[in-house]
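A.B. asks: Dropping a structure here in structure tokens format, bear with me for questions.
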Amino acid sequence: MSSLMEIRWHGRGGQGAKTASLLLADAAFNTGKYIQGFPEYGPERMGAPITAFNRISDEPITIHSNIYESDYVVFVYDTLLESVDVTSGLKKEGAIIINTTKSIDELRPLLNGYSGLVCTIDARKISVETIGKYFPNTPMLAAVVKVSKVMDEQTFLTDMVDSFKHKFAKKPEVIDGNIKAIEMALKEVKYYEQ
Amino acid sequence: MKERLSGNEAIATAMKQINPDVVAAFPITPSTEIPQYFSTFVNNGTVDTEFVPVESEHSAMSACIGAQAAGARAMTATSSNGLSLMWEMVYIASSLRLPMVMTVVNRAVSGPLNIHNDHSDSMGCRDSGWIQLYSETNQEAYDNMLMAHRIAEHPDVKLPVMVCMDGFITSHAIENIELENDEFVKDFVGIYKPEQYLLNHENPIAVGPLDLQSYLFEHKRQQAKAMENAKKVILEVSKDFENRTGRKYEFFEQFMMEDAEVAIVVLNSTAGTTKAVVKNLRSQGLKVGMIKLRVFRPFPANELAQALSHLKAVAILDKSEGLNAAGGPVFTEVTSAMQCNGISNVKTIGYIYGIGGRDVKTSDIESVYTNLLKIKDTDQIGNIYNYLGVRD
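Sequences listed follow chains A and B, in order.
Here the working numbering is used: the first sequence runs in plain steps of one and ends on residue 217.
Here the working numbering is used: the second sequence runs in plain steps of one and ends on residue 1559.
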């Protein structure tokens, strides 16, 4: 049984998908995993669709290609559902995780008839309520940890507190907001089985 | 110490720990982050390096030449067309026997414009007299950097070293890495004590004067001898590194080669993808192996030929188009090495792959092994010059 978990992120340039994949790699690294976090670099424009990837494993990872068979596909922006092949290579035991305010009935027609788990989260609402601005990557990171169970939630939370304290050493006012965003996101992920 | 770093972060960390006298660099994707990170170390006083933010790569290499000739330890980093612009001075650096260290973050050379990975930049200067070390991972890039000065500065060598890694694939991906502590690096790399240098007023020398029919040939012969000597020094330094870190490096890595019947020869990050394929095919009982070239200059011709001699078939993968209508640079050199070592019973084919950042999938590598196994079974070689993953 392979322990390798592969995740594909869809986002927009300059708006956090790459950062979210790197944060996830960081968090998994801190729990002792072998990790890869890398974006697929295309034309570098703010707002252009970008793809980022994670491999996470208990064993060293040597493959250096993009990911073609994902366990999870994450949409940091639901507008991208219309422009990318949503279920390309997605395993049916996996899940699609979407930042959206849409209902599952509105989303279904955009999901290529995917038979696996669909999870949604309103990262905008969470981000605005906790951080005060729209930064979707913190809530999306929490949603991916929750759905993928790549690590224990409490371990993740503790680790992120340390990581935010380090990362925002010069901006302590944003630490509480980010931690609240994670706590709230862990509670607010909605699950829809087929 | 366990860390997670991108390839560029790993290189910048090595440079920080080495703390060279001079770094001169001009930014170019995907190596830009190296001088960017390094300049922060200069700014916050972590290193006492003289950082020269030059106005072009030609000047970057020129500044490194000046610094190294003066008696300093100099470093730079570049990619692709940055290396192209350095071209004139790259040859000057090696022929003046200036043991500087440069990271080349491999990227396709224009045109048309492409920022992604292939090896056309470093392969383009394979005859420039620089030692070339290739790196599969961020770890190998870091380790090659720690060994580079020792190899370059050895009195029997005195040649510059190029440490190569794949642009974006290695330079921009975050992966696990084991870092050595600052004291270890300081001790391992040691202090640079040039025998002769411009700022030595007790023994004044001229560097780079006119060198016509009566001497240039002899100087080139000495340069070639230094490249030969580098083989022994690379192995010595790598052994010392292994003894002290546990991480083993030779001219090339042999992966499941012992009883292999067919194998791939490849370098840089694709070697990792190939290892995953080899493991998978081995689990199906297929006797496949891989050789990953670490040292391309000096070229370990005899050692490589011997390592391939027991195979039935081998495929040599090139991430640069030699455009010579007869195979890529690694292919032509490996086949030449086999011929010169009297190995004529191994069927040998070449593939050009991954040009301009074309992603190399496990299925691509599998198709190469499938072809090799077919060649082994049928004894028919088919096409010698092949392309992997191109639309014809």
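Where a beta carbon is used, it is the ideal one built from N, C-alpha and C, also for glycine.
If you're wondering where the values come from, they're calculated on a predicted model, not measured in any experiment.
Under 8 Å: do the segment 1305-1322 of chain B and the segment 1485-1501 of chain B share three or more Cβ pairs, one atom per stretch?
C.D. replies: No: the two stretches stay apart, fewer than three of their Cβ pairs being nearer than 8 Å.
A.B. asks: Nearest by alpha-carbon distance to residue 1395(B): which of 1202(B), 1554(B), 1182(B), 1298(B) is it?
C.D. replies: Within the second sequence, numbered from 1, the residue matching residue 1395(B) stands at position 228. The candidate whose alpha carbon is nearest that of residue 1395(B) is 1298(B).
A.B. asks: The beta strand (DSSP E) with residue 77(A) in it runs from where to where?
C.D. replies: Sequence index remark: in the first sequence, residue 77(A) carries index 54 (1-based). It spans 72-80 - the beta strand (DSSP E) in which residue 77(A) sits, taken as one unbroken run.
A.B. asks: Are residue 1288(B) and residue 1246(B) close, meaning C-beta to C-beta below 8 Å?
C.D. replies: Your numbering for residue 1288(B) matches position 121 in the second sequence. Your numbering for residue 1246(B) matches position 79 in the second sequence. Yes, these two residues count as a Cβ contact at 8 Å.
A.B. asks: Restricting to Cα atoms, I'd like to know which of 1314(B), 1378(B), 1475(B), 1445(B) is closest to residue 1403(B).
C.D. replies: Translated into positions along the second sequence, residue 1403(B) becomes position 236. Nearest option by C-alpha distance: 1314(B).
A.B. asks: Using CA atoms only, rank isn't needed, just tell me which of 1554(B), 1538(B), 1193(B) is closest to residue 1548(B).
C.D. replies: In the second sequence, the residue the question calls residue 1548(B) occupies position 381. Nearest option by C-alpha distance: 1538(B).
A.B. asks: For residue 99(A), which of helix, strand or coil comes out of DSSP?
C.D. replies: To locate residue 99(A), count along the first sequence from 1; it is residue 76. In the structure shown, residue 99(A) sits in coil (DSSP, three-state: anything other than H, G, I, E or B).
A.B. asks: When you compare the CB of residue 1436(B) with every CB in chain A, is at least one pair closer than 8 Å?
C.D. replies: Counting from one through the second sequence, the residue named residue 1436(B) turns up at place 269. So yes, residue 1436(B) belongs to the interface.
A.B. asks: Using a Cβ-Cβ cut-off of 8 Å, state whether residue 24(A) counts as contacting chain B.
C.D. replies: The residue labelled residue 24(A) in the question sits at position 1 within the first sequence. At residue 24(A), the pLDDT of 37 sits below 50, so the modelled position is not reliable and the matter cannot be decided from this model.
A.B. asks: What number of angstroms, rounded off, separates the C-alpha of residue 1169(B) from the C-alpha of residue 57(A)?
C.D. replies: Numbered from its first residue, the second sequence carries residue 1169(B) at position 2. Numbered from its first residue, the first sequence carries residue 57(A) at position 34. Roughly 11 Å between the two C-alpha positions.
A.B. asks: Taking C-alpha atoms, which residue in 1330(B), 1324(B), 1244(B), 1530(B) lies nearest to residue 1442(B)?
C.D. replies: Counted from its first residue, the second sequence places residue 1442(B) at position 275. The residue with the shortest Cα to Cα distance from residue 1442(B) is 1530(B).
A.B. asks: Going by beta carbon distance, what residues of the same chain come within less than 6 Å of residue 94(A), once the five residues before and after it are set aside?
C.D. replies: Along the first sequence, read from residue 1 onward, the residue named residue 94(A) stands at position 71. So the qualifying residues of the chain are 28, 29, 114, 117.
A.B. asks: Pull up the DSSP beta-bridge partners for residue 1190(B), would you.
C.D. replies: Counting from 1 along the second sequence, the entry for residue 1190(B) is found at position 23. Paired residues: 1218(B), 1242(B).
A.B. asks: Which term fits residue 1274(B), buried or exposed, when burial requires 16 or more other beta carbons within 10 angstroms of its beta carbon?
C.D. replies: Walking along the second sequence from the start, residue 1274(B) turns up at place 107. Buried, because 16 or more other Cβ atoms sit within 10 Å of the Cβ of residue 1274(B).
A.B. asks: At a Cβ threshold of 8 Å, is residue 100(A) touching chain B?
C.D. replies: Start at 1 with the first residue of the first sequence, and residue 100(A) comes out as number 77. By this cut-off, residue 100(A) is not an interface position.
A.B. asks: Could you spell out where the alpha helix (DSSP H) holding residue 1297(B) opens and where it closes?
C.D. replies: Indexing the second sequence from 1 puts residue 1297(B) at position 130. Per DSSP, residue 1297(B) belongs to no alpha helix (DSSP H) and is neither H nor E.
A.B. asks: Residue 64(A) and residue 127(A): beta carbons closer than 8 Å?
C.D. replies: Position 41 of the first sequence holds residue 64(A). Position 104 of the first sequence holds residue 127(A). Taking 8 Å as the Cβ cut-off, residue 64(A) and residue 127(A) do not qualify as a contacting pair.
A.B. asks: What residue does the alpha helix (DSSP H) around residue 1203(B) start on, and which one ends it?
C.D. replies: Here residue 1203(B) corresponds to residue number 36 of the second sequence, with the count starting at 1. Per DSSP, residue 1203(B) belongs to the alpha helix (DSSP H) from 1200-1210.
A.B. asks: With respect to the beta strand (DSSP E) encompassing residue 1464(B), which residues constitute its N-terminal and C-terminal limits?
C.D. replies: Position 297 of the second sequence, counted from the first residue, corresponds to residue 1464(B). Start and end: 1462-1464.
A.B. asks: How long is the line joining the alpha carbons of residue 1536(B) and residue 1333(B), rounded to whole angstroms?
C.D. replies: Position 369 of the second sequence, counted from the start, is the residue given in the question as residue 1536(B). Position 166 of the second sequence, counted from the start, is the residue given in the question as residue 1333(B). The straight-line gap from Cα to Cα measures roughly 23 Å.
A.B. asks: Can you list, in chain order, the residues of the segment 44-67 of chain A whose Cβ is nearer than 8 Å to any Cβ on chain B?
C.D. replies: Taking 8 Å as the Cβ-Cβ cut-off against chain B, the residues of the segment 44-67 of chain A that qualify are 45, 48, 49, 52, 57, 58, 59, 60, 61, 62, 64.
A.B. asks: Mind checking if residue 189(A) is an interface residue toward chain B, Cβ cutoff 8 Å exclusive?
C.D. replies: Within the first sequence, numbered from 1, the residue matching residue 189(A) stands at position 166. No, because no Cβ of chain B sits closer than 8 Å to the Cβ of residue 189(A).
A.B. asks: Can you name the residues that DSSP bridges to residue 1269(B)?
C.D. replies: Within the second sequence, residue 1269(B) is the residue found at index 102, counting from 1. Answer is 1243(B), 1329(B), bridged to residue 1269(B).
A.B. asks: Can you list, in chain order, the residues of the segment 1335-1348 of chain B whose Cβ is nearer than 9 Å to any Cβ on chain A?
C.D. replies: For the segment 1335-1348 of chain B, which is checked against every Cβ of chain A, the residues closer than 9 Å are 1335, 1336, 1337, 1339, 1340, 1341, 1342, 1343.
A.B. asks: The alpha helix (DSSP H) spanning residue 1408(B) covers which residue range?
C.D. replies: Numbered from 1 along the second sequence, position 241 holds the residue referred to as residue 1408(B). Looking at the DSSP string, the run of the alpha helix (DSSP H) that includes residue 1408(B) is 1383-1412.
A.B. asks: Can you tell me which of the three DSSP states residue 1185(B) falls into?
C.D. replies: To locate residue 1185(B), count along the second sequence from 1; it is residue 18. DSSP places residue 1185(B) in helix when its eight states are reduced to three.
A.B. asks: Taking Cβ positions only, does residue 1565(B) come closer than 8 Å to chain A?
C.D. replies: Because chain B is modelled from 1168 through 1559, residue 1565(B) falls outside the range shown and cannot be assessed.
A.B. asks: Which residues, taken in chain order from the segment 1513-1541 of chain B, show a beta carbon closer than 7 Å to some beta carbon of chain A?
C.D. replies: So the close ones are 1526, 1527, 1528, 1529.
A.B. asks: Should the segment 1498-1513 of chain B be called in touch with the segment 1441-1456 of chain B, which here means at least 3 C-beta pairs below 8 Å?
C.D. replies: The segment 1498-1513 of chain B vs the segment 1441-1456 of chain B: no contact.
A.B. asks: Could you tell me if residue 1551(B) is buried or exposed, where buried requires 16 or more neighbouring beta carbons within 10 angstroms of its beta carbon?
C.D. replies: Position 384 of the second sequence, counted from the first residue, corresponds to residue 1551(B). With fewer than 16 other Cβ atoms within 10 Å, it is exposed.
A.B. asks: Helix, strand or coil: how does DSSP classify residue 1177(B) here?
C.D. replies: On the second sequence, residue 1177(B) is found 10 positions in, with the first residue counted as 1. Three-state DSSP puts residue 1177(B) in a helix.
A.B. asks: State buried or exposed for residue 1384(B), treating a residue as buried only when at least 16 other CB atoms are found within 10 Å of its CB.
C.D. replies: Here residue 1384(B) is taken as the residue at index 217 of the second sequence, counted from 1. With fewer than 16 Cβ atoms within 10 Å of its Cβ, residue 1384(B) is classed as exposed.
A.B. asks: Residue ranges of each beta strand (DSSP E) run of no fewer than 3 residues wholly in the segment 105-144 of chain A, ordered along the chain?
C.D. replies: Counting only runs of 3 or more, we get 113-122, 140-144.
A.B. asks: Checking contacts by CB at 8 Å: is residue 227(A) closer than that to chain B?
C.D. replies: Missing from the structure shown is residue 227(A); chain A here goes from 24 to 217 and no further.
A.B. asks: Can you tell me which residues form a DSSP beta bridge with residue 34(A)?
C.D. replies: Position 11 of the first sequence, counted from the start, is the residue given in the question as residue 34(A). Answer is 73(A), bridged to residue 34(A).
A.B. asks: Alpha carbon to alpha carbon, what distance is there between residue 1212(B) and residue 1229(B)?
C.D. replies: Translated into the one-based positions of the second sequence, residue 1229(B) becomes position 62. Translated into the one-based positions of the second sequence, residue 1212(B) becomes position 45. Near 25 Å, if we compare the C-alpha coordinates of residue 1212(B) and residue 1229(B).
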